[in-house]
Every structure is written in C-alpha cells, then in structure tokens.
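Undergrad: Here it is: the structure, laid out below.
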Amino acid sequence: MDGAQLRSEIEESKATELNRLGSQQLLVALTDAQLTPERVLDVAAASEHAARETFRGWADDEDDADAREAFAAVAEQEDDHLRWVTDELDGEWEADGEPGPMHAYLRGREATVERIGGGMVGRPLVSLRTHNQLVGFFVNEADERRADVIRGLKAETEEVLDDGLELLEATCETDDDRQAARMIAEYTVQLAYDDYADALRNLGFDPRSVC
13 MDGAQLRSEI
23 EESKATELNR
33 LGSQQLLVAL
43 TDAQLTPERV
53 LDVAAASEHA
63 ARETFRGWAD
73 DEDDADAREA
83 FAAVAEQEDD
93 HLRWVTDELD
103 GEWEADGEPG
113 PMHAYLRGRE
123 ATVERIGGGM
133 VGRPLVSLRT
143 HNQLVGFFVN
153 EADERRADVI
163 RGLKAETEEV
173 LDDGLELLEA
183 TCETDDDRQA
193 ARMIAEYTVQ
203 LAYDDYADAL
213 RNLGFDPRSV
223 C
C-alpha cells in the first residue's frame with residue numbers, strides 16, 4: 013500500500029469538505045462567532061484534550077504492538093499540546109467532558125486499521141486546516157508568540173499524519189484493510205465538516221457559499 017497515494021485519494025474525495033474546513037469561517041463556527049483570543053485558545057485546548065483522551069484510550073486496549081506504541085506517542089504529544097495551549101490562557105482551563113462528534117466516533121473504533129485511518133490520517137487532515145486558521149488569527153492579532161505556539165502544533169500534527177500513513181503501509185495486509193482505513197479517514201473528515209456546517213447554519217450562514 014502506498015501511503016502518499018492514499019492521502020491523495022482521501023484529499024481528492026473530500027476536497028470540498030476540506031476546502032471549506034480551511035476557510036476563514038471555521039473559527040466563526042468553532043467559537044460561536046466569539047472571536048476573542050481567549051475563546052479561540054479555549055477551543056484549541058478542547059481539541060487537544062479530546063485527542064489526548066482518544067489516543068490514551070486506544071493505547072490502553074490496542075492489541076497491535078506497533079499501533080499501541082504509536083497511539084501512546086500521540087497521546088503524550090497531545091498532552092504536550094494541551095499544556096502549550098493552556099499556558100497561553102489567563103486562568104485555569106477545565107474540559108467540559110464532551111469530545112464532539114468526531115472524537116466520539118473515533119473512540120468507538122476497535123479495528124487497528126480503522127483507528128489509524130481515522131485518528132492518524134483523517135483527524136490530522138482536519139487539524140492542519142484548523143491550525144492554519146489559528147495561526148492566521150493570531151497573526152492578525154499581531155500576536156506572534158501565540159502564532160508560533162500554533163505553528164508548533166501544526167508541525168507535529170503533520171508528523172503524525174506522515175507516521176499514520178507509514179503505519180498503514182505496514183499494517184494493511186489486504187485490499188479490504190486499505191479500503192477500511194480510507195473509508196474511516198474519509199468519514200472522520202465528513203463528521204468534522206458536518207459539525208462545522210451545522211454550527212454555521214445555527215449562526216445563520218450557508219456553509220455551501222464558503223470556499
């Protein structure tokens with residue numbers, strides 16, 4: 013299996029959704045149009061926390077040794093990311109306990125290739141678009157320190173994506189495995205997009221008009 017080819021196929025299949033997730037309206041949707049630095053950081057922290065808990069759960073019960081090691085490494089990385097973000101907040105940060113549709117779905121995956129495809133391919137493809145918008149927000153705020161924090165998150169998330177594709181190359185033994193990984197990755201992107209689109213509609217925007 014060719015990981016780079018798989019990524020290209022997923023990005024082509026979900027091009028519309030990924031393009032819209034990469035739009036300037038993403039932060040409007042994620043923050044309920046409360047575009048303040050504190051609110052944006054709160055949203056970023058919630059995302060890092062949800063990812064950490066997802067990968068911690070997988071690291072605890074994954075049977076495949078290589079995947080288990082990879083999941084544990086991502087969980088540790090997400091813990092670092094959460095700390096980086098919350099260090100930028102003025103007060104103490106507490107999770108609300110709600111993982112959101114994407115992570116709720118991911119936590120229900122049990123097959124190794126589905127976990128890798130969803131958590132280490134589909135999810136990072138979404139996260140990279142989010143990071144781009146977060147960087148842009150803080151650049152516009154003339155806050156290069158916080159922009160650099162998000163750039164650090166983005167760089168390590170790109171590495172997770174590369175690791176996920178490489179791990180799928182080693183783990184997928186059949187065409188069915190590859191198809192399952194791709195299907196879960198694409199559905200993960202779709203869930204993130206649907207959540208974004210619903211949030212925009214609730215704010216009175218039409219997500220189809222956002223490119």
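In my numbering, the protein residues as written are 13 to 223. No residue lacks a Cβ here, since even glycine has one placed at the ideal position from N, Cα and C.
1. To which residues of the same chain is D14 closer than 8 Å at the C-beta, ignoring the five residues directly before and after it?
2. Buried or exposed: where does R194 fall if 16 or more other Cβ atoms within 10 Å of its Cβ makes it buried?
3. CB-CB under 7 Å to A71, same chain, minus the five flanking residues each way: which ones, in chain order?
4. Using CA coordinates, which residue listed in L47, A62, N144, L118 is at the minimum distance from A238?
5. Pairing CB atoms from the region 146-153 with CB atoms from the region 197-212, are three or more of them under 8 Å?
6. With a threshold of 6 Å on Cβ separation, who are the neighbours of A63 within its own chain once the five nearest residues in sequence on each side are excluded?
7. Would you kindly report the start and end of the unbroken alpha helix (DSSP H) that includes D91?
8. Using CA atoms only, rank isn't needed, just tell me which of V97, V138, E74 is closest to L173.
TA: The relevant details are as follows:
1. E181
2. buried
3. R80, F83, A84, A87
4. Since the first residue shown for the chain is 13 and the last is 223, residue 238 is missing from the structure and cannot be characterised.
5. no
6. E90
7. Counting along the chain, the alpha helix (DSSP H) containing D91 begins and ends at 77-98.
8. V138
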